[in-house]
Amino acid sequence: MRRCVAVVAAAAIVPLPACGGRGPSRSEAVEPIVSTEMPARFEAFAGTATDVSKAVTAWCVQGAPAPGAEIATALEEWYALKPFWFGPVMDRRAQFLVNFRVDREGIDELLASDEAVDPDSLRTLVGADQRGLGALALLVTGEPDERRCEYAQGIADLVAEEARAVAGDWAEYGPALITDDTTANDAIRDIVSNAAFALREAAMDPAPEIGRGLIEGARLAMLGESGDAGLSPLLSDELVARLSDELAAGDAEAAELSLSVDAVSELGITLNFSDADGDG
1 MRRCVAVVAA AAIVPLPACG GRGPSRSEAV EPIVSTEMPA RFEAFAGTAT
51 DVSKAVTAWC VQGAPAPGAE IATALEEWYA LKPFWFGPVM DRRAQFLVNF
101 RVDREGIDEL LASDEAVDPD SLRTLVGADQ RGLGALALLV TGEPDERRCE
151 YAQGIADLVA EEARAVAGDW AEYGPALITD DTTANDAIRD IVSNAAFALR
201 EAAMDPAPEI GRGLIEGARL AMLGESGDAG LSPLLSDELV ARLSDELAAG
251 DAEAAELSLS VDAVSELGIT LNFSDADGDG
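In structure tokens:
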């Protein structure tokens with residue numbers, strides 16, 4: 001089925017329902033994504049983060065294996081949410097609490113100190129590069145002594161706390177977000193922008209679990225689980241097929257170009273600037 005795209009005139013967006021009215025409007029396409037799918041996925045991530053916290057406790061208290069696999073799963077799930085790092089995620093600056101680049105020397109210094117490493121102190125007094133899932137992954141490679149466990153548990157509990165807060169905020173934010181095609185267009189701009197940033201980051205060869213999450217997040221945002229959901233009803237069949245092939249092949253660079261050039265053109269939007277490289 002041929003899909004119609006927006007007509008751009010004098011920099012204004014004129015949303016079309018689809019060819020002959022047979023396809024969804026912008027609001028009809030985006031509303032179920034933000035009102036139902038994304039709250040559920042943020043809630044699922046909160047559950048995963050809680051599992052990480054429990055696994056850290058088991059490692060420290062019961063002598064269980066180091067929870068490297070659980071942390072990797074959480075990282076993959078978190079980065080698969082990146083196309084939706086707007087609204088509550090941006091308002092809370094949650095990306096700087098859940099994971100950021102790691103300062104190994106800073107982590108070692110904090111580990112060797114007697115500074116507080118409880119969740120509140122980590123949230124308010126410690127740099128973003130000394131907390132989060134990446135810092136936790138580094139900590140659990142060592143032996144679980146008292147100080148290491150205190151620091152690791154503080155990070156794990158902070159991440160779980162923040163994940164629950166974001167999920168709670170998304171449960172309210174998502175269902176109220178789309179009121180018409182104008183608000184839908186704003187959401188589309190945010191989703192496509194963040195998906196393009198995710199693919200750009202994936203092309204820079206991050207840790208494998210992060211790369212997988214970034215590519216999967218872009219796929220779900222643009223194509224959905226079935227390959228013909230997400231924002232795909234608003235795109236041409238040719239572009240949907242190309243994106244599907246590029247994402248299935250893990251070609252983040254090609255898929256990012258398809259999004260930032262062709263999807264942007266078809267949708268009549270401009271990309272946002274990324275705030276992902278700021279400090280915490």
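Letter by letter, the sequence shown follows residues 1 to 280 in the numbering used here.
Cβ atoms here follow ideal geometry from the backbone N, Cα and C, with glycine treated the same way.
Just so it is clear, the structure is predicted and the values come from calculations on it, not from any experiment.
By the three-class DSSP mapping on this structure, what secondary structure does R131 have? If DSSP states are grouped into helix, strand and coil, R131 belongs with coil.
Output the boundary residues of the alpha helix (DSSP H) element that contains V192. Membership of V192 in the alpha helix (DSSP H) is indicated by the continuous run D181 to A202.
Whose C-beta lies closer than 8 Å to the C-beta of T270 among residues of the same chain, with five residues either side of it excluded? These residues qualify, in order along the chain: R189 and V264.
Please confirm if the segment 129-138 is in contact with the segment 147-157, defined as three or more CB-CB distances below 8 Å between the two stretches. Under the Cβ criterion (8 Å, minimum of three pairs), the segment 129-138 counts as touching the segment 147-157.
Contact set for V34: own chain, Cβ-Cβ below 7 Å, skip 5 residues either direction: Around V34: G174, L177, I178 and A187.
Under 7 Å between C-beta atoms of D129 and F100: Yes.
Please identify the residue among A218, V102 and P144 whose C-alpha is closest to the C-alpha of V126. The shortest Cα separation from V126 among A218, V102 and P144 belongs to V102.
Expected contact under 8 Å - CB spacing of N185 and W85 to nearest Å: At roughly 19 Å, the Cβ-Cβ gap does not stay under 8 Å, so N185 and W85 are not in contact.
In this structure, how does DSSP classify T124 when only helix, strand and coil are distinguished? Three-state DSSP puts T124 in a helix.
Through-space distance from A163 to R41, alpha-carbon basis: For R41 and A163, the gap between their C-alpha atoms comes out near 11 Å.
Taking the alpha-carbon positions, what's the L234 to S53 distance? Their backbone Cα atoms lie some 40 Å apart in a straight line.
Three-state class that DSSP yields for L271 in the structure shown: In the structure shown, L271 sits in coil (DSSP, three-state: anything other than H, G, I, E or B).
Which of the three DSSP states, helix, strand or coil, is assigned to Q62? Three-state result, Q62: coil.
Tell me whether the beta-carbon of A206 lies closer than 7 Å to the beta-carbon of V140. Reading off the sequence, residue 206 comes out as Pro, not Ala. Going by C-beta atoms, P206 is not nearer than 7 Å to V140.
Assuming L214 contacts A229 under a Cβ cut-off of 8 Å, what Cβ separation, rounded to an integer in Å, is found between them? That pair is no contact at about 19 Å.
Spatial neighbours of S258 within its chain, please: C-beta separation below 7 Å, excluding the five flanking residues on both sides. Take S258, set aside five residues on each side of it, and the residues of its chain with a beta-carbon closer than 7 Å to its own are L239, R242, L243 and E246, in chain order.
Alpha carbon to alpha carbon, how far is A69 from W170? The alpha-carbon atoms of A69 and W170 are separated by roughly 27 Å.
So P88 and V166 are in contact, right, with Cβ under 8 Å, and what is the actual spacing, rounded? Between V166 and P88 the Cβ distance is about 5 Å, and since that is below 8 Å, they are a contact.
Between the beta-carbon of E216 and the beta-carbon of A72, is there less than 7 Å? No.
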